[in-house]
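Residue numbers for the sequence shown follow our numbering, so the first one is 2 and each next one is one higher.
Since the structure comes first, as structure tokens, the remarks are kept for the end.
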Amino acid sequence: MSDVKKKRFWVGLVGVIVLAIAIVSGAFYREIFLSRAGGTSSQKIFVEIDSGQSTRQIAQTLKEKDIISRRNVFLLYVKLKRSPLRAGLYYFSSSQTIAQIAKILQKGEVSENSITIPEGWRREQIAQYLSDRKITTSDDFLSASEGREGYLFPDTYRLAVSATAEQIVEKMTENFAKRIEGLNILRNDLILASIIEREAKRDDERLKIAGVYKNRLALGMKLEADPTVQYARDNEKSKSDSQNYSWWQIITRSDYLSEPSNFNTYLHSGLPPAPICSPGLKSIQAVKNPEKHNYYYFFHLKDGTAIFSKTLSEHNENLAKYVSER
Numbered sequence: 002m003s004d005v006k007k008k009r010f011w012v013g014l015v016g017v018i019v020l021a022i023a024i025v026s027g028a029f030y031r032e033i034f035l036s037r038a039g040g041t042s043s044q045k046i047f048v049e050i051d052s053g054q055s056t057r058q059i060a061q062t063l064k065e066k067d068i069i070s071r072r073n074v075f076l077l078y079v080k081l082k083r084s085p086l087r088a089g090l091y092y093f094s095s096s097q098t099i100a101q102i103a104k105i106l107q108k109g110e111v112s113e114n115s116i117t118i119p120e121g122w123r124r125e126q127i128a129q130y131l132s133d134r135k136i137t138t139s140d141d142f143l144s145a146s147e148g149r150e151g152y153l154f155p156d157t158y159r160l161a162v163s164a165t166a167e168q169i170v171e172k173m174t175e176n177f178a179k180r181i182e183g184l185n186i187l188r189n190d191l192i193l194a195s196i197i198e199r200e201a202k203r204d205d206e207r208l209k210i211a212g213v214y215k216n217r218l219a220l221g222m223k224l225e226a227d228p229t230v231q232y233a234r235d236n237e238k239s240k241s242d243s244q245n246y247s248w249w250q251i252i253t254r255s256d257y258l259s260e261p262s263n264f265n266t267y268l269h270s271g272l273p274p275a276p277i278c279s280p281g282l283k284s285i286q287a288v289k290n291p292e293k294h295n296y297y298y299f300f301h302l303k304d305g306t307a308i309f310s311k312t313l314s315e316h317n318e319n320l321a322k323y324v325s326e327r
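So this is what it looks like as structure tokens:
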């Protein structure tokens, strides 16, 4: 082959390669920035991305919901962008491009927030949790929930990103009203349920603990419930910095008599003036259906087992018997 022909060959080959690259690049650009799985449809499609999901799993979810049409193109684009996809609750439409969808996921521009409030939290813990997740400020939530201790039902909630502290409190209290419908729950029932929530280590002991407290109240005995002392102590000690306070720490012997608060059931007879936390439904139901027995005392072992006694002398004997297991 002459030099001229060789030159023409290489020029032609380069031209073909350049043309192929241009075609592929154009197709890739079109798939990323122009193509839409559903054309112009603006129907909102809900997607929940979990923190443990891989990029491939996320791409598969989007493909299955017809939000994207080409999973591999999405994966390649995300890899080129070198930015992780963030977990959260999102609304997409099939009229969005891969570039738009990837940008939303990479920036974490969630459509909704998901929160889970455990049983037994007090208002300040909920406020701290919401503040840490930048859903609302601690002060705003505490202000909005003033006087609602015990009525903020523990559950998982989906909240609009724009939700205010007042709207969050309203959602939680409405859920509470719905959950207790038909149970005829009085305020005193809720107060006792909140104590049971903090005392019970296992679901199968809630009814029995409720029976102990009902028995003590019937005889006019002090409840002597440790969680009420914790609540009273924490009310005082957290005043300087409730945002970073560690709640429900183990009480010491001196705490029993050093907290003059009306919440301290070692010093004051009857129930505390208000709930001490948000009880779950099982604790609320336990108050309405306590186990009938003759137990008046109990304590817990390290493994969570509750030891019940009928008399003070029996209680003291059990304390000595299980001293190494407490």
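Idealized CB from N, CA, C, for every residue including glycine.
- With 16 or more other CB atoms across the displayed protein chains lying within 10 angstroms of its CB, residue 260 is buried.
- The DSSP assignment places 166-180 and 188-200 as complete runs of the alpha helix (DSSP H) inside the region 160-204, in order along the chain (cut-off: 4 residues).
- Under the three-state reduction of DSSP, residue 70 is assigned to coil, being neither helix nor strand.
- Linking residue 120 to residue 49 through their CA atoms gives a straight-line distance of about 24 angstroms.
- The Cβ-Cβ distance between residue 132 and residue 244 falls below 9 angstroms.
- Counting only residues of its own chain and dropping the five nearest sequence neighbours on each side, residue 204 has a CB closer than 8 angstroms to the CB of 283.
- The beta carbon of residue 323 sits closer than 7 angstroms to the beta carbons of 302 and 308 from its chain, once the five residues preceding and following it are set aside; these are given in chain order.
- For residue 49, the uninterrupted beta strand (DSSP E) run begins and ends at 46-50, by DSSP.
- Looking at the backbone, the Cα of residue 142 and that of residue 170 are separated by about 8 angstroms.
- Annotated as distal: residue 149 and residue 232, with beta-carbon spacing of 9 angstroms or more.
- Along the region 266-315, the beta strand (DSSP E) occurs as fully enclosed runs of 3 or more residues at 298-301 and 307-310, listed in sequence order.
- Between residue 162 and residue 111, the gap from beta carbon to beta carbon is short of 9 angstroms.
- By the Cβ-count criterion, residue 235 is buried, with 16 or more other Cβ atoms from all chains shown falling within 10 Å of its own Cβ.
- Put simply, the backbone Cα of residue 311 is about 27 angstroms away from that of residue 280.
- Bounds of the alpha helix (DSSP H) holding residue 208 are 207-220.
- Leaving aside the five residues that flank residue 295 on each side, the residues in its chain whose CB is nearer than 6 angstroms to its CB run, in chain order, 311.
- Between the alpha carbons of residue 185 and residue 237 lies a distance of about 33 angstroms.
- Under the three-state reduction of DSSP, residue 320 is assigned to helix.
- Comparing alpha-carbon positions, the option among 317, 249, 137 and 210 lying closest to residue 168 turns out to be 137.
- Residue 221 and residue 298 have their C-alpha atoms some 14 angstroms from each other.
- For residue 191, the closest of 211, 139 and 46 by C-alpha to C-alpha distance is 211.
- By the neighbour-count definition (other C-beta atoms within 10 Å, threshold 16), residue 92 is an exposed residue.
- A Cβ-Cβ distance of about 6 angstroms is found for the pair residue 139 and residue 129, placing them in contact under the 8 angstroms criterion.
- For residue 263, DSSP assigns no beta-bridge partner whatsoever.
- Take residue 174, set aside five residues on each side of it, and the residues of its chain with a beta-carbon closer than 8 angstroms to its own are 149, 152, 153 and 154, in chain order.
- The beta carbons of residue 69 and residue 63 sit closer together than 9 angstroms.
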